[in-house]
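Asker: Below you'll find the structure I mean.
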Amino acid sequence: MLEDRTDAASPTPWPAAYPQGYAVVDVETTGLARDDRIVSAAVYQLDARGRVEDQWYTLVNPQRDPGPVWIHGLTSEVLADAPLFPEIAEEFAKRLDGRVLVAHNAAFDWSMIAREYARARATAPVRQRLCTIALSKELRLPLPNHKLESLAAHYGVVQQRAHHALDDARVLAEAFRPSLRLAAEAGIRLPLLACQPLTEWSDGPAAPARPARVGYQPSYRSGTWRPSRKRPACPYPNPGRYAPGGQLTQGMRVAFSGDTSVDRELLEDRAVEAGLHVATSVSRLTSLLVTNDPEAPTSKTAKARSFGTPVVDEAAFIQLLSHVTPATKEA
1 MLEDRTDAAS PTPWPAAYPQ GYAVVDVETT GLARDDRIVS AAVYQLDARG RVEDQWYTLV
61 NPQRDPGPVW IHGLTSEVLA DAPLFPEIAE EFAKRLDGRV LVAHNAAFDW SMIAREYARA
121 RATAPVRQRL CTIALSKELR LPLPNHKLES LAAHYGVVQQ RAHHALDDAR VLAEAFRPSL
181 RLAAEAGIRL PLLACQPLTE WSDGPAAPAR PARVGYQPSY RSGTWRPSRK RPACPYPNPG
241 RYAPGGQLTQ GMRVAFSGDT SVDRELLEDR AVEAGLHVAT SVSRLTSLLV TNDPEAPTSK
301 TAKARSFGTP VVDEAAFIQL LSHVTPATKE A
């Protein structure tokens, strides 16, 4: 059980506008694309001041290949007898109901959860989410990057099993509590965002078709689905730069700079699968730069500023990957 490091009584009155409860969530998935699935989920329920009330964890059979086993460690054999998402949807919902969903890069976790509920013809009872990356920025925490391990180290929280949903949720819950207290003491408005549930869903042809059951072993490399790092040329012409507020289009050149909370290679793989060109540098032809620290003094951010290249953070990029516009023609 989590050690409660919060003082029972605080000299500062607790903000009345703060939520009455939180659900700290972590999901491990088969990938980042719109047709990817959850393979495990964990929830720590916290009260209004961040004290732990309950914890829950489950494996989920994704009905397809498990994706990046080298990250989450969940093989086809491990997941073969796990429940399907519709079978755990009600229990999951009980853990979320009436609470603010808290996650590290919450846009990603929420999008995966919302899609799973839509596939199950149900709705997740979540109305607001809070991203601990955004909260760390609001608090101006002196972190070297936006990874969960850096936030944990800042508060002296020890990670036992990285990329295991239950341990990641535990670590995040333990790191969120002091952040919540600092925000309350400073009277900071929490960076809450609305969660819009999906009312219908179709996986569509966003990625190559996969078998219906776990147990499939693609033949990309050594029995995993991960492609070689030497990628083929993007088959689509560069349509130009990304227009802020719009959608990405196949063929756009995307560059990454700095640390990401999601494995960088996994982000790049999903960008390629969506039809984007992953560039190793920023030039006048670059459509978009993805970075969590646009003010960092790196060559890529400096070039992006000089060329007027649009910049988005990791969470926004993951959302954009869900709706990449098809190219009008091939090169």
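The sequence shown lines up with residues 1 to 331 when you count with the UniProt record's numbering. Virtual Cβ for every residue (Gly too), placed ideally from N, Cα, C.
1) Mind checking Asp54: buried by the 16 CB within 10 Å criterion, or exposed?
2) Going by CA-CA distance only, name the one from Thr260, Arg189 and Ile88 that's closest to Asn61.
3) I believe Ser40 touches Gln319 by the beta-carbon criterion, under 8 Å. Please report the beta-carbon distance rounded to the nearest angstrom.
4) Excluding the 5 residues flanking Ala271 on each side, which residues of the same chain have their C-beta closer than 6 Å to its C-beta?
5) Pair every Cβ in the stretch 262-269 with every Cβ in the stretch 26-34, then say whether three or more of these pairs are closer than 8 Å.
6) Bridge partners of Phe256, per DSSP?
7) Mind checking which residues open and close the beta strand (DSSP E) that includes Ser40?
8) Cα separation between residue 397 and Arg284?
9) For Ala169, which residues from the same chain have a beta carbon less than 6 Å from its beta carbon, with the 5 sequence-adjacent residues on both sides left out?
10) Tell me, to the nearest whole angstrom, how far the beta carbon of His146 is from that of Ser322; I am working on the premise that it is less than 8 Å.
11) Taking the alpha-carbon positions, what's the Ala103 to Leu135 distance?
12) Cβ atoms of Ala184 and Tyr18: under 8 Å apart, would you say?
13) So what does DSSP say about His277, is it helix, strand or coil?
14) Can you give the Cα-Cα distance for Leu79 and His72, rounded to whole angstroms?
15) What are the partner residues of Arg129, as DSSP defines its beta bridges?
Answerer: So, from the listed chains and residues:
1) Residue numbering aside, residue 54 sits at position 54 when the sequence shown is read from its first letter. Label assigned to Asp54: exposed.
2) Position 61 of the sequence shown, counted from the first residue, corresponds to residue 61. Of the candidates Thr260, Arg189 and Ile88, the residue whose Cα lies closest to the Cα of Asn61 is Ile88.
3) In the sequence shown, the residue the question calls residue 40 occupies position 40. In the sequence shown, the residue the question calls residue 319 occupies position 319. Under the criterion of beta carbons closer than 8 Å, Ser40 and Gln319 do not qualify as touching, at roughly 22 Å.
4) Start at 1 with the first residue of the sequence shown, and residue 271 comes out as number 271. Excluding residues within five positions, the ones whose Cβ falls inside 6 Å are Val254 and Val278.
5) Between the stretch 262-269 and the stretch 26-34 there are three or more inter-stretch CB-CB distances shorter than 8 Å, so the stretches are counted as touching.
6) Within the sequence shown, residue 256 is the residue found at index 256, counting from 1. Residue pairing of Phe256 in beta bridges, as defined by DSSP: Val290.
7) The residue labelled residue 40 in the question sits at position 40 within the sequence shown. Unbroken beta strand (DSSP E) run through Ser40: Ile38 to Asp47.
8) No answer is possible for residue 397: the residues shown for the chain start at 1 and end at 331.
9) Within the sequence shown, residue 169 is the residue found at index 169, counting from 1. For Ala169, where only same-chain residues beyond five positions count, the Cβ hits under 6 Å are Val24, Asp26, Ala42 and Tyr44.
10) Residue numbering aside, residue 146 sits at position 146 when the sequence shown is read from its first letter. Residue numbering aside, residue 322 sits at position 322 when the sequence shown is read from its first letter. Actually they are not in contact, since the Cβ atoms of His146 and Ser322 sit about 21 Å apart, beyond 8 Å.
11) On the sequence shown, residue 103 is found 103 positions in, with the first residue counted as 1. On the sequence shown, residue 135 is found 135 positions in, with the first residue counted as 1. Roughly 11 Å between the two C-alpha positions.
12) To locate residue 18, count along the sequence shown from 1; it is residue 18. To locate residue 184, count along the sequence shown from 1; it is residue 184. Their beta carbons are under 8 Å apart, which means Tyr18 touches Ala184 by this criterion.
13) Along the sequence shown, read from residue 1 onward, the residue named residue 277 stands at position 277. Of the three classes helix, strand and coil, the one that applies to His277 here is strand, per DSSP.
14) Within the sequence shown, the letter at position 79 stands for residue 79. Within the sequence shown, the letter at position 72 stands for residue 72. C-alpha of Leu79 to C-alpha of His72: approximately 12 Å in a straight line.
15) Residue mapping note: residue 129 aligns to position 129 of the sequence shown, counting from 1. For Arg129, the beta-bridge partners assigned by DSSP are Leu101 and Leu193.
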